[in-house]
Ligand code: GLP
């Protein structure tokens, strides 16, 4: 557990870890997340990359490979709520990356279950995740692994909880009813297979779920609790999240 004085320091340190991973351990892809927690992390990453010598920046761009955790089903990639669009705006465009090297499930695939299997296979063929970045859902989800959730579930199409649709309404003009009912998400299986995991938790809204996470033993009721079985997890938190 690393407690830092504020969310800005958390973002700086997490971004530095992501950059170091990409520079010195390029043999496995990065695992990326979306959400409000990650916005300042990606902004820090963009700033830190710009400070590197131009040749090193170019080398990083050429070698970039990341797999996002999840994507909504049925949301066109150009629309505001889509995670592909979020990645485009927060990472691909500012870093000048080839969008092909920032992978996400295809939320518009005709058969989302088949697309989830394909995405999981694509990740496995790329060597699995090296460093996995995770946010924490208000109900304890990671990716879109909603409770109850077992530790061995693989990439799949899942229904979203009402609370999650409420929490993510801001991407859909504030209307929870407009948030898709389903998403494709990497499972705990792929997440726990990552070599290292960074769980980033900031803000007062996460204080309750973080307290639960730190005080309960692993159970399906709190999907993030399965992270306790992983040998290399670092929790980055600010004082607000730690209550
Ligand atoms: C979302 C995403 C997760 C994210 C989490 C927390 O629904 N599927 O990948 O990490 O919930 O989101 P936020 O950072 O906005 O609180």
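In my numbering, the protein residues as written are 3 to 245. We put the CB at the ideal spot given by N, CA and C, even for glycine. Source: prediction; values computed, not measured.
Element boundaries [alpha helix (DSSP H), containing residue i]
{"i": "residue 190", "result": "190-194"}
{"i": "residue 221", "result": "Taken as a continuous stretch (DSSP letters only), residue 221 belongs to no alpha helix (DSSP H), as it is neither H nor E."}
{"i": "residue 131", "result": "Taken as a continuous stretch (DSSP letters only), residue 131 belongs to no alpha helix (DSSP H), as it is neither H nor E."}
{"i": "residue 184", "result": "Note, residue 184: premise wrong, no alpha helix (DSSP H); beta strand (DSSP E) at 184-187."}
{"i": "residue 243", "result": "Residue 243 -> no alpha helix (DSSP H), and no H or E assigned at all."}
{"i": "residue 198", "result": "It is not in any alpha helix (DSSP H) - residue 198 instead sits in the beta strand (DSSP E) that spans 198-203."}
{"i": "residue 217", "result": "209-217"}
Residue i versus the options, residue with shortest Cα-Cα distance
{"i": "residue 183", "options": "168, 220, 92", "result": "168"}
{"i": "residue 74", "options": "65, 59, 36, 49", "result": "36"}
{"i": "residue 186", "options": "77, 81, 39", "result": "77"}
{"i": "residue 136", "options": "110, 89, 70", "result": "70"}
{"i": "residue 233", "options": "210, 139, 199, 212", "result": "199"}
{"i": "residue 176", "options": "82, 27, 4, 128", "result": "82"}
{"i": "residue 119", "options": "229, 159, 15", "result": "159"}
{"i": "residue 97", "options": "127, 124, 39, 53", "result": "53"}
Cβ-based neighbour list, residue i, same chain, cut-off 6 Å, excluding 5 preceding and 5 following
{"i": "residue 67", "result": "31, 103"}
{"i": "residue 225", "result": "142, 143, 144, 147, 149, 151"}
{"i": "residue 84", "result": "77"}
{"i": "residue 108", "result": "117"}
Own chain partners of residue i with C-beta closer than 7 Å, once the 5 adjacent residues on each side are dropped
{"i": "residue 62", "result": "24, 25, 51"}
Close Cβ partners of residue i (< 8 Å) along its chain, the five nearest in sequence each way excluded
{"i": "residue 9", "result": "42, 204, 205, 240, 242"}
{"i": "residue 214", "result": "142, 224"}
{"i": "residue 227", "result": "142, 215, 218, 219, 220, 221"}
Please specify which runs of the alpha helix (DSSP H), each continuous and at least 4 residues long, are wholly inside the region 147-177, giving them in chain order.
164-169
Quick check on the DSSP output: what are the complete beta strand (DSSP E) runs of length 3 or more inside the region 3-85, in order along the chain?
32-34, 68-70, 72-74
Within the region 98-128, ranges of the alpha helix (DSSP H) (whole runs, at least 4 residues):
114-127
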